[in-house]
Each structure stands twice: as C-alpha cells, then as structure tokens.
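Report on the following structure.
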Amino acid sequence: MSIESVISVTFDSDINPSTIHSGTFIVHAPQSGVQAGTYSYNSGSYIASFDPDVGFVPCEVVNVTLTTGIENIEGDNLPVPYEWTFTYEWTFTVEVAGSGAFIPPFMDP
52 MSIESVISVT
62 FDSDINPSTI
72 HSGTFIVHAP
82 QSGVQAGTYS
92 YNSGSYIASF
102 DPDVGFVPCE
112 VVNVTLTTGI
122 ENIEGDNLPV
132 PYEWTFTYEW
142 TFTVEVAGSG
152 AFIPPFMDP
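So for the sequence shown, my numbering puts the first residue at 52; every next one is plus one.
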C-alpha cells in the first residue's frame, strides 16, 4: 500500500458526476489539512472516489464528509450530510542485508 490511498464511497443510485467535487466530498485530517486531489465517478458501479495529491501522515485520523450538495441523476440531493472517520495506517518492511555488530558509543569513566 502506498502512502497515498484512494477513498471510495458506494451510492445506492446513480449520481450526477458534476456534483462530486471538493465542495461536496471533503477529506480533512488534522495534520495533513484539507486534501486536494482527483475526484472520479463510475456510473456502472455507483462508486465515487477521491485520490489525494499528498499522502496522509501515518496514524492520522482522517475525516470524510459528503454534503447535501451531492445529487442523483433525478436531481434529488443527499437528504443529510454523511460523515465518517478512519485512522490511516501505514506499514512497511525493512530488509537488512549483510552482517554487523552493535558497538556502543565511547563513554568517559
């Protein structure tokens, strides 16, 4: 998993893609701030996605808000804002090659 992660939401009906943007699909984190990025919508699966330009800070709590400005293709708005949070977890693997020994720093008696 890269430090940048796509955030997706699945709707129960087809959404007007022009209503999925930074003013209606808001991603904010305390350390990273309001995130800029790329929004996309797949009408076949009803999935809206946000791909941030900058990664989140490991262990950061991320807040996502969908506003009532999102509307379906019939023109009906989301009846209430929808909000959720998640903690961004980042894992990595360190591979060490070769051998060596730990030598403590010199200490004056």
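Glycine included, each C-beta is placed from N, C-alpha and C at the ideal position. Predicted model, so just to flag it, every value in this text is computed and none were measured.
| query | result |
| --- | --- |
| Below 8 Å, how does it come out for the segment 127-134 and the segment 80-90: are there three or more Cβ pairs, yes or no? | no |
| Can you give me the start and stop residues for the beta strand (DSSP E) that Pro103 sits inside? | Ile98 to Pro103 |
| By DSSP, does Ser91 sit in helix, in strand, or in coil? | strand |
| In terms of DSSP beta bridges, what is Leu117 paired with? | Phe76 and Tyr133 |
| Taking just the CA atoms, how far does Ser94 sit from Cys110? | 33 Å |
| Between the alpha carbons of Pro81 and Asp63, how many angstroms are there, rounded? | 30 Å |
| According to DSSP, is Ser69 helix, strand or coil? | helix |
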